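As structure tokens, the structure follows; a few thoughts come after it.
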Amino acid sequence: MVWRKLPFILLLITVAVLAAATVVEKLYGTPFVQEHWYGSPLFTILWVLLSCAGLIYILRAKLYRRFWIWMIHVSLLVILLGAGLTSWTAIHGRIKLQEGATPTDRYQSDQGETLTLPFEVALERFDLTYYTGTQFPLDYQSNLIIQDGERSQSLRGAVSMNRIFRYRFYRFYQSGYDPETTSSILSIAYDPWGIAISYLGYALLAISLVGGMFARRHRVRQLLKQALVSPVAMLLILLVGGTLSAEAKAPATPLPKTIPASVAKSFGELYILYNNRICPLGTYAQEFTEKLYGRSSYRGLSAEQVLAGWIFYYDNWVDEPMIRIKDRSIRKLLECYEGQRVSYRQFFDLQGNYRLESLLDNYIQHPDQPGRKALFEAHEKCQVIQSVGLGESLSIFPVQSHGRIVWYHPASTDLPAEMPLDQWTFVRKGFNYLSELIIMQEWDEAQEFLVKLRQYQLKEGGESCPSALRFRSEIYYNQLSPYIGLLAKILATVGILLFIWTAYQLSVGRLQDPPLVKWGFWGILYASMLYLTLMVILRWIVSGYVPLSNGFETMQALAWIVLLLTILTGRKHRVLIPFGLLMGGLSLLVASFGGSNPQITLLMPVLHSPLLSIHVLVIMIAYSLLAFMMLNSCMALILSRRPAIGTHLEALSRLLLYPAVALLAIGIFIGAVWANVSWGRYWSWDPKEVWALITLIIYALPLHSESLRCFRSQRFLHVYLLIAFVSVLVTYFGVNFFLGGMHSYA
1 MVWRKLPFIL LLITVAVLAA ATVVEKLYGT PFVQEHWYGS PLFTILWVLL SCAGLIYILR
61 AKLYRRFWIW MIHVSLLVIL LGAGLTSWTA IHGRIKLQEG ATPTDRYQSD QGETLTLPFE
121 VALERFDLTY YTGTQFPLDY QSNLIIQDGE RSQSLRGAVS MNRIFRYRFY RFYQSGYDPE
181 TTSSILSIAY DPWGIAISYL GYALLAISLV GGMFARRHRV RQLLKQALVS PVAMLLILLV
241 GGTLSAEAKA PATPLPKTIP ASVAKSFGEL YILYNNRICP LGTYAQEFTE KLYGRSSYRG
301 LSAEQVLAGW IFYYDNWVDE PMIRIKDRSI RKLLECYEGQ RVSYRQFFDL QGNYRLESLL
361 DNYIQHPDQP GRKALFEAHE KCQVIQSVGL GESLSIFPVQ SHGRIVWYHP ASTDLPAEMP
421 LDQWTFVRKG FNYLSELIIM QEWDEAQEFL VKLRQYQLKE GGESCPSALR FRSEIYYNQL
481 SPYIGLLAKI LATVGILLFI WTAYQLSVGR LQDPPLVKWG FWGILYASML YLTLMVILRW
541 IVSGYVPLSN GFETMQALAW IVLLLTILTG RKHRVLIPFG LLMGGLSLLV ASFGGSNPQI
601 TLLMPVLHSP LLSIHVLVIM IAYSLLAFMM LNSCMALILS RRPAIGTHLE ALSRLLLYPA
661 VALLAIGIFI GAVWANVSWG RYWSWDPKEV WALITLIIYA LPLHSESLRC FRSQRFLHVY
721 LLIAFVSVLV TYFGVNFFLG GMHSYA
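Heads up: the sequence shown begins at 1 in the UniProt record's numbering, then just goes up one per residue.
See below:
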């Protein structure tokens, strides 16, 4: 019957249109695709047709007889209705208010038109707060005065990041500020119907998805019983090719001069203003060493010893071949013909000319030429060394002035004029004194000076210094973080070996592990879980927010979730264990591609929201379940000649499908609510939003096996779920590294 197939045909057309739109956006830009694609009448007609086809399907299939399923489909129609009302009736614009200026009722729409508010608004006061001791904004708040002549009333309100001011269906959002004119920039949204109806749809969908999972006659309950009958459940295989090339051992040359490990430890426990936050100097030393060498240590020397060597024994380090240059053409330009390491001196010719200068000038004039990224990476490494040599990166001296705390480096020339002479002398001359002690190898005196310097930092730094717990946690985190890559390799290797063993055992009709094997993989699981839990907790303490803000943190969270699920289910479903090990290892391997310890940054004001953390966490749990299903399909296809095993693996895939789709849907709509609270738009057709929607549609199709009979085939289902995982990879990696957008982590 046509009415059964039409909604799914339209869904497939919608998926194709949405996927094409993201490619068009990459080629022609966001304004073009917003106007000619998402803003096209044909695009609106497609959604209207899809809604009508869905409504006909609901009525003709008599879904009202199955309450929760009926509620799910009705809630989707409500969401589409709300989105339509927003698209057709909502008004979005911006207004710039200057502190103390006369009230105004004029604002600019997104289309550039001047519109009028039914009331006047003025900026009474603009408050900008910073992270203590830095110039990085923590939050900004606009205190408004509303004068409503129509209603003969006046009132005050406040707008800040993630805090909306509402009046007469107008919603004001803090968008930005102009520091030169003390002006506040606010976004304005007028959407009296769309937001309310969309939120109603979100709530109905969440309730119906959860309610449907526990309904007596729901397929999930039947599959749960079927899956628990047999110890066979599911598994994996994902062969990640490519071996990581081992670095050639460093030549047997004497180590360059540096300070002893004990002094380096004290040196690393100083405070420093780095990356707009106060942290242990050891953090800067570790990132300095990783940027130059690619690892957190060098020839047995700690990161603190490496940094100290460059600071205090500069001439001994300029000829040390420790700077990693990946690009062959750059190495050739620097006269490096063996290996990937060059010395700092190789950046200059015999006359002292910078060898990359002409190439840099050429790339600045022609930025589209290939090789630009590799060149600027090499140039950045040279700049980092120069900054250390001049002392400009060592902001370790806090000074209180005019109610503020400013951190200065030893070469600072803009110290406050009102500083006491002894403090001025300590800041300007103290580091030179430390250098003299180190050159003379008076280690006890150097240790004593470092202790005094730290005491000075705590006294003058005051509230800008992190708490003892946060400071010590970061030191522990720095000590543990280099092992992320090693753990990834161990988990992936053991996972592959255990998968091969499990597949062999299942192929001969039994699954029994020798005690050594059993205790081995359980020991690795628990040890890995303990390590990751500790890493997440430490990073959480150090950053002050849930560590889900970048690619490294989300992949680490995915590994943690996968290992937790494996531990919770592995005893009843033994075949899940190799999957958990392998998937956890691959997640950490991807996380470590960007470095085992990426910078912990201060969070942008707009990201200070619990909704964001919940959104990312729910999405990552959904992705982990989808990965389970993909690997389960791999196992099912490999063991396709054993029907009994295939039946149980099919049941497990169907069992995981519903909660995965439900969590993905809930995660998407939580993200929409957060976006609406932060920016005034709950859906902006960003590439990641679009691909998340595509993924949701793709995985929702197998849930309709009553209408789509192809999904009743065991083999078709497994092949489909295997291929469908490509949409997850595009959503996460494709958007991050190729399509771009607001959600890109790259």
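Every residue gets a Cβ at the ideal spot worked out from N, C-alpha and C, and that includes glycine.
Here the structure is a predicted model, which is why all the values come from computation and not from measurement.
query                                                                                                                                                                                              : result
Using DSSP's beta-bridge definition, name the partner residues of LYS120.                                                                                                                          : Looking at the sequence shown, residue 120 is not Lys but Glu. Answer is GLN147, bridged to GLU120.
Would DSSP call ARG345 helix, strand or coil?                                                                                                                                                      : helix
Find out if the Cβ-Cβ distance for the pair LEU663, MET629 is shorter than 9 Å.                                                                                                                    : no
Start and end of the beta strand (DSSP E) containing LYS96?                                                                                                                                        : 91-98
If you draw a straight line from the C-alpha of GLY389 to the C-alpha of VAL263, how long is it?                                                                                                   : 20 Å
Taking buried to mean at least 16 other C-beta atoms within 10 Å of its own C-beta, is TRP519 buried or exposed?                                                                                   : exposed
Could you tell me which uninterrupted beta strand (DSSP E) segments, each at least 3 residues in length, are contained entirely in the segment 153-196, listed from first to last along the chain? : 153-160, 165-167, 170-178, 183-190
Could you check which residue in GLU553, VAL33, PRO31, LEU42 has the C-alpha nearest to that of ILE13?                                                                                             : LEU42
Using 9 Å as the limit for Cβ to Cβ distance, is GLU460 near chain D?                                                                                                                              : In the structure shown, chain D does not exist; there is a single protein chain.
Quick one: what's got a C-beta closer than 6 Å to MET71's C-beta in the same chain, skipping five residues either side?                                                                            : SER208
Cα separation between LEU437 and GLY430?                                                                                                                                                           : 11 Å
Mind pulling the beta strand (DSSP E) runs of 3 or more residues that sit fully within the segment 263-292?                                                                                        : 271-274, 277-280
ARG472 by DSSP, collapsed to three states: which one?                                                                                                                                              : helix
Helix, strand or coil: which one does DSSP assign to VAL17?                                                                                                                                        : helix
Where does the unbroken alpha helix (DSSP H) through ARG299 begin, and where does it stop?                                                                                                         : From DSSP, ARG299 is part of no alpha helix (DSSP H); its letter is neither H nor E.
Using the C-alpha atoms, what's the distance from LEU11 back to GLN153?                                                                                                                            : 50 Å
Near TRP443, what residues of its chain come up, given a Cβ to Cβ distance below 7 Å and the 5 sequence neighbours on each side ignored?                                                           : PRO260, VAL263
Please work out which residues of its chain come closer than 7 Å, Cβ to Cβ, to GLU247, disregarding the five sequence neighbours upstream and downstream, and give them in chain order.            : The predicted position of GLU247 is uncertain, since its pLDDT is 39 and thus under 50; a value taken from the coordinates is nonetheless stated next. Answer for GLU247: no residue qualifies.
For LEU128, which beta-bridge partners are listed by DSSP?                                                                                                                                         : TYR140
Where does PRO256 fall in DSSP's three states?                                                                                                                                                     : coil
Just reading off the beta strand (DSSP E) that THR104 is part of, what are its end residues?                                                                                                       : 104-109
Would you say the beta carbon of GLY430 comes nearer than 8 Å to a heavy atom of the ligand SAH?                                                                                                   : Among the components modelled here there is no ligand, and therefore nothing to report on the ligand SAH.
In whole angstroms, what separates the C-alpha of PRO118 from that of GLY403?                                                                                                                      : 42 Å
Answer yes if the segment 46-57 comes into contact with the segment 20-32, meaning at least three C-beta pairs across the two stretches below 8 Å, and no otherwise.                               : no
Just to confirm the assignment, what range does the beta strand (DSSP E) spanning VAL406 have?                                                                                                     : 404-408
If you pair each beta-carbon of the segment 481-499 with each one of the segment 571-586, do three or more pairs fall below 8 Å?                                                                   : yes
Do you know how far the Cα of SER592 is from the Cα of PRO482?                                                                                                                                     : 9 Å
Identify every run of the alpha helix (DSSP H) within the segment 631-681, keeping only runs that are complete inside it and at least 4 residues long; order them along the chain.                 : 643-679
Rounding to the nearest angstrom, what Cα-Cα distance links ARG571 and LYS688 in this structure?                                                                                                   : 36 Å
Name the DSSP bridge partner or partners of LEU115?                                                                                                                                                : TYR107
Quick check on the DSSP output: the beta strand (DSSP E) that includes SER401 runs from which residue to which?                                                                                    : 397-401
Tell me whether the segment 90-110 and the segment 185-204 touch, counting them as touching only if at least three CB pairs, one residue from each stretch, are closer than 8 Å.                   : yes
Can you find at least 3 beta carbon pairs, one from the segment 93-107 and one from the segment 70-85, that sit closer than 8 Å?                                                                   : no
Would the segment 545-563 count as touching the segment 458-469 if we require 3 or more Cβ pairs under 8 Å?                                                                                        : no
Between ILE311 and ARG681, what straight-line distance do the alpha-carbon atoms span, to the nearest angstrom?                                                                                    : 50 Å
Between GLN108 and THR114, what straight-line distance do the alpha-carbon atoms span, to the nearest angstrom?                                                                                    : 5 Å
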